[in-house]
Amino acid sequence: MDIEKIREAIRVVPDFPKEGINFMDITTLLNRGELFQQVINHLYERYRDRGIEYIAGIESRGFIFGASLATKLGIGFVPIRKKGKLPADTYSVSYDLEYGSDTLEIHKDAFHNRDAKVVLVDDLLATGGTASSAIKLIEKCGAKVDEVFFLINLKFLKGEEKLGVPTYSILELEE
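Add 812 to the 1-based position in the sequence shown for my numbering, that's all there is to it.
Now the structure itself:
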């Protein structure tokens, strides 16, 4: 996997969604099939022998990496969505963002067995509010988060300190 090419493929959009935020746009990585495939293959190698039963992905960019990885591993994918998007009974958790607040939900029956071993997937770790809420939802369902994968970790924001579970990132940015 060519980490430098992956880093170069991610577009930084200043002042989005509001002034002072530098948005890490991964669409410019996703449309480079070879690089996207390198990421998924790398994750497959990392998780294939760890007894992972489910990949859970946070809406929406976590769906892209999570569903691709779950398919390659031959295991289930569980979507963690914004409030009001799931049709059956859900658990929900509200949280604060760097630029507002939001609510995530998961189906109460998302995992077929209690104590299921899960890898949670999202594209970026900033302050940790979204991922921390997703971990709480997975635990409410009785499953256990083995690790959280982020394509990008903004290390200087120390988001992993909020999570209480191991994290893994391909790109770790110090500022």
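Cβ atoms here follow ideal geometry from the backbone N, Cα and C, with glycine treated the same way. Keep in mind the model is a prediction, meaning the values are calculated, not measured.
Fewer than three Cβ pairs drawn from the segment 898-905 and the segment 966-983 lie within less than 8 Å of each other, which leaves the two stretches out of contact.
In its chain, beyond the 5 residues on either side, Leu983 have a beta carbon closer than 6 Å to the beta carbon of Arg819. Between Ala943 and Asp934 a beta carbon distance of about 6 Å is seen, short of the 8 Å cut, so the two are scored as contacting. The three-state reading of DSSP puts Ser945 in helix, counting H, G and I together. Beta-bridge partners assigned by DSSP to Lys929: Lys956. The bridge partners DSSP lists for Asn834 are Pro826.
As the crow flies, the alpha-carbon of Thr883 is around 38 Å from that of Glu831.
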